[in-house]
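Residue numbers (the working numbering): 1321 to 1426.
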């Protein structure tokens, strides 16, 4: 059986994720680490191909983010919140590129 992953979701604080709704992305506002863990796990189980997580939330649920980093799907991508960036997302992208290419080209 072939599964089609087409859904995109975003997890983070309400003020940061609401704008994504206008783009047709499913938004999941959370308060606290427990809600964030539950939301990310639920999206992964419900065939979301891409899960955006704000850096501030990701900092609170590092073990959950790391678990999905080792899988092909879903792709968990860290994004800045409306409060600005912590540069965690860019660091992860840079590390991934360096791992794939053998040198940091960013």
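Where is the CB? At the ideal position from N, CA and C, for every residue including glycine.
Take residue i and list the residues in its own chain whose beta-carbon comes closer than 7 Å to its own, dropping the five residues that flank it on each side.
{"i": "residue 1402", "result": "1335 and 1336"}
Where does residue i fall in DSSP's three states?
{"i": "residue 1369", "result": "strand"}
{"i": "residue 1398", "result": "strand"}
{"i": "residue 1408", "result": "helix"}
{"i": "residue 1345", "result": "coil"}
{"i": "residue 1385", "result": "helix"}
{"i": "residue 1391", "result": "coil"}
Quick check: what's the CA-CA separation for residue i versus residue j?
{"i": "residue 1348", "j": "residue 1355", "result": "10 Å"}
{"i": "residue 1357", "j": "residue 1396", "result": "13 Å"}
{"i": "residue 1392", "j": "residue 1344", "result": "23 Å"}
Tell me, please, which residues DSSP counts as bridged to residue i.
{"i": "residue 1329", "result": "1346 and 1371"}
Skipping 5 residues on each side, what residues in its chain have a beta carbon closer than 8 Å to that of residue i?
{"i": "residue 1338", "result": "1347 and 1349"}
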